[in-house]
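A short worksheet on the structure shown next.
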Amino acid sequence: MATLHPTLVDWEPPSGPPERIEVSGEQLYGRVCVRCGSHLDGLMDCGYVYTATSSGDRLPWPVKACPHHAGQEAAA
Ligand SMILES: [Zn+2]
47 MATLHPTLVD
57 WEPPSGPPER
67 IEVSGEQLYG
77 RVCVRCGSHL
87 DGLMDCGYVY
97 TATSSGDRLP
107 WPVKACPHHA
117 GQEAAA
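Residue numbers (this note's numbering): 47 to 122.
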């Protein structure tokens, strides 16, 4: 298992257009918010990010977001 450095990924949130973002290993594993990296309680499922393998396949990773970033549409 390779060490995970900040990685450029394609993020497909549950709503809204895909975004290209950079994530840490902890964000990739869903341990912290995919947007801000916080460890707040109540992390919620927030779509998938996709990494590219050396052979060109896309690997999906389920990611989480804190309440502030999971509800982007509802946020004022
Ligand atoms: Zn957040």
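Built from N, CA and C at the ideal position, the CB exists for glycine as well. Keep in mind the model is a prediction, meaning the values are calculated, not measured.
Own chain partners of residue i with C-beta closer than 6 Å, once the 5 adjacent residues on each side are dropped
i: Trp57; result: Glu65, Ile67, Val95
i: Pro52; result: Glu68, Ser70
Close beta carbons around residue i, own chain, < 8 Å, minus the five adjacent residues each side
i: Gly88; result: Cys112, Pro113
i: Pro60; result: Asp91, Cys92, Gly93
Selected residue, minimal CA-CA separation from residue i, among the options
i: Tyr75; options: Pro60, Pro63, Gly62, Cys92; result: Cys92
i: Met90; options: Gln73, Pro106, Ser101, Gly102; result: Gln73
7 Å Cβ shell around residue i - same chain, five flanking residues per side excluded
i: Ala98; result: Arg104
i: Ser55; result: Reading off the sequence shown, one finds Val at residue 55, where the question assumed Ser. Result list for Val55: Ile67, Val69, Val95, Tyr96, Thr97, in chain order.
**Request:** Decide yes or no for the touch test of the region 77-95 against the region 108-116: beta carbon pairs closer than 8 Å, at least 3 of them.
**Result:** Using a Cβ-Cβ distance cut-off of 8 Å, the region 77-95 and the region 108-116 are in contact, since at least three pairs of beta carbons, one from each stretch, lie closer than that value.
**Prompt:** How would the residue list near ligand 1 read, in chain order, if you kept each one whose beta-carbon is closer than 6 Å to any heavy atom?
**Reply:** Matched residues: Cys79, Arg81, Cys82, Ser84, Ala111, Cys112, His114, His115.
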